[in-house]
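Reading through the C-alpha cells given below for one structure.
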Amino acid sequence: MRGIKLISYSDTEILLKSFITFGEDIVKDFNGIFAFAIWNTKTEELFIARDHFGVKPFFYTIANNTFIFASEIKALFEHPYVSKKIDSQGIGELFGIGPAHTLGTTPFKDIFELKPAHFAVLNKSGLHIKKYWKLKSKEQNDNLSETCEKLNYLLNDAITSQLVSDMPLCTFLSGGLDSSIISKYASDYCKKKGLPPLHTYSIDYVDNDKNFVKSDFQPNSDNYYIRLMNTRLYNKHHDIVIDTPELASYLEDAVIARDTPRYGRY
3 MRGIKLISYS DTEILLKSFI TFGEDIVKDF NGIFAFAIWN TKTEELFIAR DHFGVKPFFY
63 TIANNTFIFA SEIKALFEHP YVSKKIDSQG IGELFGIGPA HTLGTTPFKD IFELKPAHFA
123 VLNKSGLHIK KYWKLKSKEQ NDNLSETCEK LNYLLNDAIT SQLVSDMPLC TFLSGGLDSS
183 IISKYASDYC KKKGLPPLHT YSIDYVDNDK NFVKSDFQPN SDNYYIRLMN TRLYNKHHDI
243 VIDTPELASY LEDAVIARDT PRYGRY
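Sequential numbering from 3 applies to the sequence shown in my numbering.
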C-alpha cells in the first residue's frame, strides 16, 4: 500500500494508515461496516465516518462547545454536559412511523446520528458533513441465466467477505428468505475453508405449533422452513424456546439495549 508496511492484521492499523495515505477518500473504497473517528493533530481536525448503509451506529451531540460522540445514546448521557430531554418530532415519528425515522435524528433533543454514507470534519469553523455515496438504480438488461450468475456472485461476495472472524461463526435462522440465504452461504464458506460447522440459532414460542393458523400468506410455520434448511446446511443448530412471561421480561432489556422503544421486524 504505497510503501506503507503493516505490522499487524488489525482493522485499526489498516484504517489509520489508509487515512494517512488517502485522507477523506478512504470511505469511498472501504468494503464493510464501520463507524470511526480519527483526530488529526497536524490540522487539528476530527474526521468521522459511517458505513454505506449505516449498520454501525454513530451518535453525537454538541454541548458547551464540546463535541461528544458514542456508539450508543446511553453512553452520551454519561457525560455531564448532556441532558436527557425528549424531542417532540422524534417522539412523534416513534409513534407515527416507527421503527422508521428521519435519518440523522433521534427521539432525544439535540442528539443526532451521523447519516449512513456520510462523513464529517470537525474543525474550528464547525461541523462539516458530506455525503460520499448513493445507491443508484439501473436498468436490468441481463437474461435469466446471467441474472442468476451475477446474483450468486454478489451474494457470495457480500456474505463471505463479512465472515472473517477470530470467534466461531453463527447466524440467526428464522426460516425466512434473508436468514436462510445468509446461513446457506455462510455454512458453505465454513465447509470450504475446513472450519467447524456454522452455529445457527432459531427462536420459537411455547405451543406455537399448536396455535399456528395457516393462511394464503403463510401456509406453513417458520419451523417447517427451519427444518428444511437444516437438512441442507453444514451447521450445528440451536433451538431456543421461550414462553410469554419470559418474553415480557426481556422487553425492558431490549429497550435499554436499543436506547429507544422499537417495534416492527428487523
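Note that CB positions come from ideal geometry on N, CA and C, so glycine has one too. Model, not experiment: these values are computed from the prediction.
Is it buried or exposed for P221, if we count other Cβ within 10 angstroms and need 16 for buried?
Note on P221: under 16 other CB atoms within 10 angstroms of its CB, so exposed under the neighbour-count rule.
Indicate the three-state DSSP secondary structure (helix, strand or coil) for R52 in the structure shown.
Annotated three-state conformation of R52 is strand, per DSSP.
Just to confirm, are Y134 and K19 a CB contact at a threshold of 8 Å?
No, they are not a contact pair.
If you draw a straight line from the C-alpha of Y187 to the C-alpha of Y155, how long is it?
Rounded to the nearest angstrom, the two C-alpha atoms are 11 Å apart.
Evaluate the contact criterion for the region 98-118 versus the region 41-52: three or more CB pairs, one atom per stretch, below 8 Å.
With contact defined as three or more Cβ pairs closer than 8 Å, the region 98-118 and the region 41-52 are in contact.
CB-CB length for K132 against F121, believed under 8 Å:
Confirmed, about 6 Å.
Outcome for G266 when other beta-carbon atoms lying within 10 angstroms are tallied against a minimum of 16
Unreliable positioning characterises G266 in this predicted model, as indicated by a pLDDT of 44, which lies under 50. A coordinate reading is not provided.
Look at the alpha carbon of Q39 and the alpha carbon of L48, and state the distance between them as a whole number of angstroms.
Looking at the sequence itself, residue 39 is Ala, so the reference to Gln does not match. Using only the alpha carbons, I get a separation of about 7 Å.
Terminal residues of the continuous alpha helix (DSSP H) containing K152?
Segment L146 to T162, the alpha helix (DSSP H) holding K152.
Could you pull out every residue in the same chain whose Cβ sits closer than 8 Å to the Cβ of I242, ignoring the five residues on either side in sequence?
If we look at I242 and ignore the five residues flanking it on each side, its Cβ neighbours are Y203, S204, I205 and D206.
Determine the burial state of T269: buried for a count of at least 16 other Cβ atoms within 10 Å of its Cβ, exposed for fewer.
Given a span of 3 to 268 for the chain in the structure shown, any question on residue 269 remains unanswerable.
From the DSSP output, read off the bridge partner residues of Y207.
Its beta-bridge partners are I244.
Identify the residues that DSSP records as bridge partners of A188: which are they?
Partner(s): none; A188 has no beta bridge.
Just to confirm, are I99 and F61 a CB contact at a threshold of 8 Å?
It is not a contact, given that the beta carbons lie outside the stated cut-off.
Does the region 175-185 come close enough to the region 225-244 to have 3 or more Cβ pairs within less than 8 Å?
Yes, the region 175-185 touches the region 225-244.
Assign G128 to one of three DSSP states: helix, strand, or coil.
Correct three-state label for G128: strand.
Grab me the residues of S182's own chain with a C-beta within less than 6 Å of its C-beta, minus the 5 sequence neighbours each way, in chain order.
Excluding the 5 residues flanking it on each side, S182 has same chain C-beta neighbours closer than 6 Å at M231, in chain order.
Rounded separation between C192 and G94 - CA only
Their Cα atoms are separated by approximately 45 Å.
When you compare only the Cα positions, how much space is there between L253 and K126?
Spanning the two alpha carbons is a distance of roughly 43 Å.
How big is the Cα-Cα spacing for Q164 and H201?
Rounded to whole angstroms, the gap between the alpha carbons of Q164 and H201 is 16 Å.
If L78 sits next to T68, beta carbons under 8 Å apart, how far is it from one beta carbon to the other, in whole angstroms?
Beta-carbon to beta-carbon, L78 and T68 are separated by about 11 Å, too far to satisfy the 8 Å threshold.
Taking a contact to mean a Cβ-Cβ separation below 8 Å, would you say D1 touches K58 in this structure?
Lying before the first or after the last residue shown, residue 1 is absent from the chain, which here runs from 3 to 268.
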